[in-house]
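If you read the protein sequences in the order shown, they are chains A and B.
Going by the working numbering, the first residue of the first sequence is number 3, and it counts up by one from there.
Going by the working numbering, the first residue of the second sequence is number 914, and it counts up by one from there.
Even for Gly, the Cβ is constructed at its ideal location relative to N, Cα and C.
Please read all numbers here as calculations on a predicted model, not as lab measurements.
Report on the following structure.
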Amino acid sequence: MEFEPVIGLEVHAQLLTNSKIFCGCSTKFGAPPNSHTCPVCLGMPGVLPVLNRIVVEYAIKMALAVNCTINPLSEWARKNYFYPDLPKGYQITQYAYPLAEHGWVEIETNGETKRIGIARIHMEEDAGKLIHDEKIPVSYVDMNRAGVPLIEIVSEPEIRSPEEGADYLRRLHEILVYLEICDGNMEEGSFRCDANVSLRPKGQESFGTRTELKNMNSFRNVQRALEYEIKRQKYILENGGRVVQETRLWDDAEGATFPMRGKEEAHDYRYFPDPDLPPLVVSSRWVEDIGRTLPELPSEKRKRFIRNYGIPPYDAEVLTSSRALADYFEAVAARCGKSKAASNWVMGDIMGHLKEDKLEMNECPVAAESLGDLIKLIEDGTISGKMAKEVFEEMWRSGKEPAVIIKEKGMEQITDPSALEKVIDDILAAHPTQVEQYKGGKEKVFGFFVGQVMKATKGQANPTMVNDILKEKLGAL
Amino acid sequence: MELHEHTIHSLEERLREGEITSLEITKAIFERIEAVEDRVHSYITLMRESAFESARQSDRRREKGETRGPLDGIPVALKDLLCTKDAPTTCGSHILENFMSPYDASVVEKLRAAGAVILGKTNMDEFAMGSSTETSYFGVTRNPWDLERIPGGSSGGSASAVAAGECIASLGSDTGGSIRQPAAHCGVVGMKPTYGRVSRYGLVAFASSLDQIGSLTKDIEDSAIILGVIAGHDKRDSTSLPEPVPDYRKFLGRGIEGWVVGIPEEYYIEGIDPEATEAVERAAEAMKELGAECREISLPHTRYGIAAYYIIGPAEASSNLARYDGIRYGLRASGRKQLIDLYRSTRAAGFGAEVKRRIMIGTYALSSGYYDAYYKKASQVRTLMKRDFDDAFGICDVILTPTTPTAAFRLGEKIDDPLRMYLSDVFTLPANLAGIPGLSLPCGFTEKGLPLGIQLLAGYFKEDKLLQAAYALEKALPRDQRRPAL
């Protein structure tokens, strides 16, 4: 029997607000334990939450970017469970009435575009963090993260393969980072993903029994975990077994998923509306105002790059992977007017050098305008492509303008025909044997002459002109 | 008349005239406390030193002409679930024994800013769950009128302290009648403002959608004075509302001629003491004489009130009390290696029987599969009860009811019978479910000499009308100079 995987993903994204969702404490990562806390986020007796408006604004941005409907009225709820990192014994979240619903994102699968539905986006507070000292043994709790705002983005169960899952995640990640509402750091946990997976016989409507996968901290691991889990479930079903509904943890080292201990997942969260917070009212006017602040999103940008710059889809994909990179490319292309050359330089030399020097796009030592000028200098024949690489190295090191470097190094091309003719005449005269060979039909020797000309001119001769003049002279001999 | 028998407004006048000082009043109160506290037991914590210091500061302000208003220099008591950073806040529970809050509740800040002298923290049913103050971990409080009887609850200590002269006025909290019921039993005035009128920030939560802070005082004018100080929007409480705070005292003495007083037929229930009914009739007569019209009205969903209340209250409590887990503050059971054991033994040792009962009821009511039948249904009942009141206040200005079905009962009489105990709140909890303001004021005595109270209710944010009617009624009722024989 052929099985079809049914996958739904739940993404938790930490929002980049300055303060926490229900109090004024800082959200900054990496501060000394419990230094960013107050009675409210510590859950002291008698405290009350006060909603941070910026959190709602950021959540609405994301909801609009993935085509969701924003609910004019949504509701805060309490999710009740005991854990030492949860100071109030409940998490404030949204349950029955989330902020936004019914959205979608486009993914690419086998060269085709497919829409993955987004069931809902809601806001909630993050929990603190436990630090275990196995030696004593003792556990400590750090509440700096308690109350850091999160949005949860829940997909419809419309993902049909691990590849689609990974692509869906990349799309969400890219949008969040584009909107500058999440730093997208998967290792620090600011972008987390849980997956629901089940299999069903191909053609069947109803879903099979699902498992929930947790603890995957990279795109690659999400894909690997999904692949593993699909194989595991397939094996069970093909051998007449039944999949157990459970939560399983991905073990990176083992490359496998393992069931979480039963006790930890036997939760009845007893959701109910939080009486401390009035229902959240979002006016259409507010939504419109936020909508106007949305930047061009990566998918639109990609389409525009292909359309307006005539660059290949692959280039557009790479160049729109971050807003800064896309902006840089556009500035280079605008300066030199040669989009494909601009694309090649940005994707090759710029990205390569940034990676090598471990720099971010905004730390790039070569200004987009300077790179544009360099490309222009190649195009108008002032320097050769080969020399341009050398100039670029110098630009990277010193930050100087290409024209300045070329002048300092005396690197302008020789494009004066009479000067080139003189050099060529001298070389032909000095190498009669090779001239004979050429005349005898050994055309390979042509390259030898070009090399000699370049050597004599220290590489500054315009190659096209050298070719033309050489051909003409040799032909006339 | 001795100093401890005075009201806020009479002391205000004597202070203004320079006849006495705040220090003298405060000393007189502490002398009274020494004389009666071992019999009444109104307090969990006394704040003697800081009270004297506040009184001295108040006197210095007065000398310089910098007095801050009617509460400046007046000794008041706080129910022990209002957070104070300079004295423990126990909520009457073992689990918070010796717990020091890192901050002051909003109302405490306001009282301090108004110059009030804080005497201490009063006894209460554990986490405000009870109607007799018998569920306190720190022992029972006795009714000053009859030491064999309960003072009511949960703000029993705040009520007994006012009645016994152990403070001039006090703050309590009212979730289902916890201010009005003990006020009635102790023969004092108890007022629960509109939900959202007074900030709950720093009030340790029992049932967040029902809890409201209010006052226990010797008369209506004092009630108006305290409300004027503690009311108002607080940005730290998203459920407090930005309604302007009127000068409530201005409404006193205006009379109620031409007003319509509603008397709900549903409040004449089986089991109500005829003496309680008679108190309402006395009050109705007095209001008629003041020129008001008494009209029988219907609040048809009243009978579902107790059921709805005992689902919503416990449900919210089960969540609100989850934070007492032994991890960050409060009691922690020792010698537990496993997390689950730590939770279990801490909460088993830290909470009393009534609190556990309500946590279990609430947990059950919110459980998956039961939510719709219980919590959701109770919320719907609540909406219907709100509509009942909306309709009623379309016709009448205030509503008159008994505060409690009976006068104060005996210690131990109902403590083992929770259902009978829960009926104590039958007339008071509809105001909490609807969010409207309510007030209990003394209205005579039973044959046995126990105080009786009657309740007035008004529409949302109509505390001005409520006080206006109550003041008129207070003045019209026959004066009874009886004092508790302590």
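query	result
Residue range of the unbroken alpha helix (DSSP H) whose run includes F221/A	221–240
Bounding residues of the beta strand (DSSP E) (the contiguous stretch that carries F193/A)	193–203
Candidates D1393/B, C1080/B, D1059/B: closest to F1322/B by CA position	D1059/B
Exposed unless 16 or more other CB atoms sit within 10 angstroms - verdict on H134/A	exposed
Touching by the beta-carbon criterion (3+ pairs, under 8 Å), the stretch 38–50 of chain A and the stretch 238–256 of chain A	no
Integer-rounded CB distance, given that A1278/B should sit under 8 Å from A877/B	Lying before the first or after the last residue shown, residue 877/B is absent from chain B, which here runs from 914 to 1399.
Minimum length 4: unbroken alpha helix (DSSP H) runs contained in the stretch 1281–1351 of chain B	1290–1308, 1331–1335, 1342–1347
Anticipated Cβ contact below 8 Å, S192/A with A15/A, distance rounded	7 Å
Cβ-Cβ distance between Y273/A and Y83/A below 7 Å	no
Assigned exposure category for H269/A - 16 Cβ within 10 Å defines buried	exposed
Close Cβ partners of K265/A (< 8 Å) along its chain, the five nearest in sequence each way excluded	Below a pLDDT of 50, predicted positions are generally treated as unreliable, and K265/A, at 48, falls in that range; no measurement from the model is reported.
Nearest-angstrom Cα separation, counted from S1068/B out to A1041/B	7 Å
Closer than 7 Å to chain A by CB, D1150/B	yes
I1081/B in three-state terms, based on DSSP	coil
Short Cβ contact (7 Å threshold) for N219/A with M188/A	yes
Members of the stretch 1255–1279 of chain B near chain A, C-beta cut-off 7 Å	Y1256, T1276, L1279
Boundaries of the alpha helix (DSSP H) in which C1099/B is found, first to last residue	1093–1099
Complete beta strand (DSSP E) runs within the stretch 1146–1177 of chain B (minimum length 3 residues, chain order)	1173–1177
Straight-line Cα distance separating V452/A from E474/A	13 Å
Proximal residues to F307/A (C-beta, below 7 Å), its chain only, five neighbours per side dropped	I313, A318, L321, T322
Distance, N364/A Cα to E403/A Cα	18 Å
Chain B contact for G119/A (CB, 7 Å cutoff)	no
Min CB distance R1236/B to chain A below 7 Å	yes
Extent of the continuous alpha helix (DSSP H) run through D470/A	465–478
Residue of I23/A, K22/A, N223/A, E358/A minimising C-alpha distance to P164/A	N223/A
Coil, strand or helix - Q16/A by DSSP	strand
Bridge partners - H124/A, DSSP secondary structure assignment	E154/A
Through-space distance from E59/A to G26/A, alpha-carbon basis	17 Å
Stretch pair the stretch 69–79 of chain A + the stretch 196–203 of chain A: three plus CB contacts closer than 8 Å	no
Where Y1288/B meets chain A, residues with beta-carbon distance less than 7 Å	F274
contact_flag[the stretch 984–993 of chain B, the stretch 1079–1098 of chain B] where n(CB pairs < 8 Å) is 3 or more	yes
M3/A - DSSP class collapsed to helix/strand/coil	coil
Neighbourhood of V156/A by C-beta, 6 Å cutoff - its chain only, sequence neighbours within 5 removed	E12, A121, R122
Given T459/A as reference, the closest of V150/A, I426/A, K446/A once Cα atoms are compared	I426/A
Extent of the continuous alpha helix (DSSP H) run through A1137/B	1133–1143
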